[in-house]
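Protein chains in written order, with my numbering: chain E, 1 to 121; chain V, 1 to 149. Notes follow once the structure below has been shown.
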Amino acid sequence: MRHPGPNRLEGLFWALFAQSAVLTALVIPAHILVQGVLGPLGIVPAFDQHYSTFAAGLGNWLVKLYLFIVFGATFWVFAHRVRYTLLEIGVPGGKQGLGVVTYGLAGLATLVAAYLLLTVP
Amino acid sequence: MLGRRETGLGEDAASGASTGGREAAPAHPNRLPTDWWRRNPRYVLYMLREFTAVPIAIWMVWFLVEIGRARGGSAGYRPHQSLAFVIFSVVCLVFAVWHSFTFLRLSGLIVRIPLGERTVPASAIVAGSFGLLIVATVVVGGLLILGGR
């Protein structure tokens, strides 16, 4: 039975989604443009194109923290949007079931990101 | 994201069918056909916007793979440089820009900044958001490039 009053957990999920979506909207295009297009094509240097610069960057705790937040935000936006979109196109599983799957995937991916960032030299 | 959850007709309608043992009017089923989003180009764009999160997340997983390769030291490190990766990134970049454009365009409706007894106009908030996108792109992109020198 649903309790009276606002669903605070749902509100928290939406607030996290809004903040994460803003962050990803601001920084993700730059990452993809430099690391995914310009860097591999050799048009500009990019920090992940050589081990020495990549390791030096990842060795910085501020970079680790920043990347962890960006990974977490990206995966949260993925989970939240996919959950509700699947619901809207009638995929079976219900709101809770789809939430468990999508948030579970996002949580797992964020944990993997944390592990990799903490264990990279 | 303005489907049945915004109208509250989905689960609530189903659970509101019983009223203290008395037979109530049948709840509105609110069952849209699964292809509703293909019936109008605006709905297709809406759905595209919602699914921008998928290619972006896949690209970030790709980035995680790269970080994983770096854990093995310089001998085992191979950055993504193939043409396939570049093409994939271009596709993801289109989706990422589409996400940025559509989400930041909504900022004028979402953000309310008090200014005395009035609020900052929505158009100014949208302009500020896109200005912030340009600044963030220059700063983040610049740092990624400088880090590679």
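Glycine included, C-beta positions come from ideal geometry on N, C-alpha and C. All figures in this text were calculated on a predicted structure; none of them were measured in a lab.
{"query": "Runs of 4 residues minimum, wholly inside the segment 100-134 of chain V: which ones carry the alpha helix (DSSP H) assignment?", "result": "107-110"}
{"query": "Taking the beta carbon of Gln35 of chain E as the centre, do at least 16 other beta carbons fall within 10 Å, making it buried, or is it exposed?", "result": "buried"}
{"query": "Does any C-beta atom of chain E lie closer than 8 Å to the C-beta of Ser89 of chain V?", "result": "yes"}
{"query": "Is it buried or exposed for Glu50 of chain V, if we count other Cβ within 10 angstroms and need 16 for buried?", "result": "buried"}
{"query": "Using only CA atoms, which one of V:Phe101, V:Ala122, V:Val139, V:Ile87 lies nearest to Leu45 of chain V?", "result": "V:Phe101"}
{"query": "Does DSSP put Tyr66 of chain E in a helix, in a strand, or in coil?", "result": "helix"}
{"query": "Taking the straight line between their C-alpha atoms, what separation do you get for Gln49 of chain E and Trp36 of chain V?", "result": "44 Å"}
{"query": "Using a Cβ distance threshold of 8 Å, determine whether the segment 80-89 of chain E contacts the segment 27-46 of chain E, with at least three qualifying pairs required.", "result": "no"}
{"query": "Could one say the Cβ of Arg71 of chain V lies closer than 8 Å to chain E's Cβ atoms, at least one of them?", "result": "yes"}
{"query": "Give the C-beta separation of Phe78 of chain E and Thr110 of chain E to the nearest angstrom, bearing in mind that I take them to be a contact with Cβ-Cβ under 8 Å.", "result": "Not confirmed; about 10 Å, so no contact."}
{"query": "With Ala30 of chain E as the anchor, note down where its alpha helix (DSSP H) starts and where it stops.", "result": "8-31"}
{"query": "Only counting the same chain, and skipping five residues up and downstream in sequence, which positions put a Cβ closer than 7 Å to that of Thr7 of chain V?", "result": "Residue placement at Thr7 of chain V cannot be trusted, given a pLDDT of 40 that sits under 50; what the coordinates show is reported in the next sentence. Closer than 7 Å at the Cβ level, and outside the excluded window around Thr7 of chain V, lies no residue."}
{"query": "Quick one: what does DSSP say Gly21 of chain V is sitting in, helix, strand or coil?", "result": "For Gly21 of chain V, the predicted structure reports a pLDDT of 46, less than 50, and the residue's modelled location is therefore unreliable. The matter cannot be settled from this model."}
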